[in-house]
Amino acid sequence: MPDFTAHDHPALAVGCPTCGKAPDEWCCGANGQPSRDLHKARQAEADRQFIDQHGYGAAIIPAASGWLIDPQGCARD
Ligand SMILES: [Zn+2]
1 MPDFTAHDHP ALAVGCPTCG KAPDEWCCGA NGQPSRDLHK ARQAEADRQF
51 IDQHGYGAAI IPAASGWLID PQGCARD
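As structure tokens, then:
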């Protein structure tokens, strides 16, 4: 099960369907250089797995120590 709090960016918990990078490896562009942003498909896949794991009401929030899962994060807004 991906751990969304263990990486520099939560979406790094899953592999990228667009460029094929493994979990924890940053996305790369067509030129083989690291891209500035993670691919949209990877972020969508991370969202899907995050909701599977934590439910629709949960959110992931930046904290001083990294990332925290807030189980009610979306429900409060
Ligand atoms: Zn990618």
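Numbering of the sequence shown is given in the UniProt record's numbering, commencing with residue 1 and proceeding in unit increments.
By construction, the Cβ of each residue, glycine as well, lies at the ideal position given by its N, Cα and C atoms.
Quick caveat, the model's predicted, so the values are computed rather than measured.
Going by beta-carbon coordinates alone, are Cys27 and Leu38 separated by less than 8 angstroms? yes
8 angstroms Cβ cutoff met for Ala22 and Ala46: no
Paired residues, beta bridge with Cys28 - DSSP: Pro34
Which residue or residues does DSSP assign as beta-bridge partners of Gly66? Ala63
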